[in-house]
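Engineer: Have a look at this one.
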Amino acid sequence: MDPTKLRYFLAVLETGHFARAAQSLGISQPAISKSIKALEDDLGVRLFERGQFGAEPTRYALRLATRAKLMLAEGRLARAELEAMRGARKGRLAIGAGISFASRILPIAIERYRRRWPGISVSIDVGMSGSLFPALQSGEFDFVVSAPPIALTIDGDLSQEKLFDEVDSIVVGRDHPLLKAPPASLNDIGNYPWLVSGRSGLWDYICASFVEAGLRPPRDVVRTDSETLAKGLMNHGPYICLLGRELYALEAEAGLLFEIPLAGFGDIRPALITTRKRSPLQLAARNMIAIIRSVCAEESHDMLIPSDQIANDKR
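Position 10 (the sequence shown) corresponds to 22 in my numbering; numbering is contiguous.
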């Protein structure tokens, strides 16, 4: 299929309007209408129903969309691979990243990568695995690095490689009362205010753990997906948060956040590189993955300071 026609098709699909699609592409509306008509004639199906409110995609358009994105992505990868083979040092690299990679691992990896290949344009989208994986399948990313919830179902078209274990632990600010009186059980932490993300899935684990222990889940809860707000709250009040260690490793190194060990509470999730099985990685992506592996191997993942070391640290 003609890549230009596919680009025009996706533009109409995303904007829902022929005129807006034409404007976004910098071409005339008759040109984009002619291209869509030619694509419909080639495929023998109608892709859009034209109406006064825009272009409504048909079921054929929705089915074509995923394949069109993959075909365009493969075209970009093919061009990048050929450029690399002839010694060119330009191109683009798109990565999907879970939040546990954004604080420490990726900044180190990207800096090393750009020192060696400054001509490669690198883009990073940070989000949750549940939204990153579908985008990877549709060709928006070269690969994804994340620590997905154990319960998240992985599509059979994706391949995964383990980098390290992400440990979810109880984290508090430096003035929290639990640093002076470490908890012996869940009963000792249930009455403190909790910070939870609505997207991570950890709240379900917290509630299940309390119920299994015969306790009522915490009721004093602040829900936020903002790292900045969570950091501020933990350093200004007696909040508890269950977090992956990589997410707040830098604050732990600075003595701002501390881990509170509690036997039997906490979770371990594999941190993974996820790729498409049927799409060979371009050279730029393979090079970045090699650097990420190296950074993960070098960096210690036990950065949060356990409470039993705090007394010695404060003397």
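Using N, Cα and C, we set each Cβ at its ideal position, and we do this for glycine too.
Distance check for Leu118 and Arg298, CA to CA, integer angstroms please.
Structural biologist: Within the sequence shown, residue 298 is the residue found at index 286, counting from 1. Within the sequence shown, residue 118 is the residue found at index 106, counting from 1. Spanning the two alpha carbons is a distance of roughly 15 Å.
Engineer: Might you give, ordered along the chain, the residues of its own chain that have their beta carbon closer than 8 Å to the beta carbon of Asp3, omitting 5 neighbours on each side?
Structural biologist: What the structure shows of the chain is the stretch from 13 to 327, and residue 3 is not part of that stretch, so it cannot be assessed.
Engineer: Nearest to Arg231 by alpha carbon, out of Gly278, Glu265, Glu26 and Ile201?
Structural biologist: Locating residue 231 in the sequence shown gives position 219, where the first residue counts as 1. Closest by alpha carbon: Ile201.
Engineer: Mapping DSSP to helix, strand and coil, what is Gly56?
Structural biologist: Mapped onto the sequence shown, residue 56 falls at position 44. In this structure, Gly56 counts as coil in the three-state DSSP scheme.
Engineer: Quick test of the definition: if touching needs 3 or more C-beta pairs under 8 Å, does the segment 178-189 touch the segment 237-253?
Structural biologist: Cβ pair count under 8 Å is three or more, so yes.
Engineer: Between which two residues does the alpha helix (DSSP H) containing Asp216 stretch?
Structural biologist: Looking up residue 216 in the sequence shown gives position 204. Element bounds for Asp216: Leu214 to Glu224.
Engineer: Let me confirm a value: Phe65 is counted as buried when at least 16 other C-beta atoms fall within 10 Å, else exposed. Which label applies?
Structural biologist: Locating residue 65 in the sequence shown gives position 53, counting from the first residue. The residue is exposed, with fewer than 16 neighbouring Cβ atoms inside 10 Å.
Engineer: Is it buried or exposed for Pro195, if we count other Cβ within 10 angstroms and need 16 for buried?
Structural biologist: Looking up residue 195 in the sequence shown gives position 183. Pro195 is buried by the Cβ-count criterion.
Engineer: Below 8 Å between beta carbons: does that hold for Ala106 and Phe153?
Structural biologist: Residue mapping note: residue 106 aligns to position 94 of the sequence shown, counting from 1. Residue mapping note: residue 153 aligns to position 141 of the sequence shown, counting from 1. Cβ distance < 8 Å, so Ala106 and Phe153 count as in contact.
Engineer: Give the straight-line distance between the Cα atoms of Glu258 and Ala163, rounded to the nearest whole angstrom.
Structural biologist: Within the sequence shown, residue 258 is the residue found at index 246, counting from 1. Within the sequence shown, residue 163 is the residue found at index 151, counting from 1. Approximately 20 Å, taken between the alpha carbons.
Engineer: Using the Cβ count rule (16 or more neighbours within 10 Å means buried), how would you classify Thr287?
Structural biologist: Translated into positions along the sequence shown, residue 287 becomes position 275. So Thr287 counts as buried.
Engineer: I need the boundaries of the alpha helix (DSSP H) containing Thr236, first residue and last residue.
Structural biologist: In the sequence shown, counting from the first residue as 1, residue 236 sits at position 224. Thr236 -> no alpha helix (DSSP H), and no H or E assigned at all.
Engineer: So which of Val183, Ser181, Val157 and Val179 has the shortest CA-CA distance to Gln172?
Structural biologist: The count along the sequence shown starts at 1 and reaches residue 172 at position 160. With distances taken between Cα atoms, Gln172 lies closest to Val157.
Engineer: Just mark Ala100 as buried or exposed, buried being the case when its beta carbon has 16 or more other beta carbons within 10 Å.
Structural biologist: Position 88 of the sequence shown, counted from the first residue, corresponds to residue 100. With a pLDDT of only 48 at Ala100, under the threshold of 50, the placement of this residue in the model should not be trusted, and no figure is reported.
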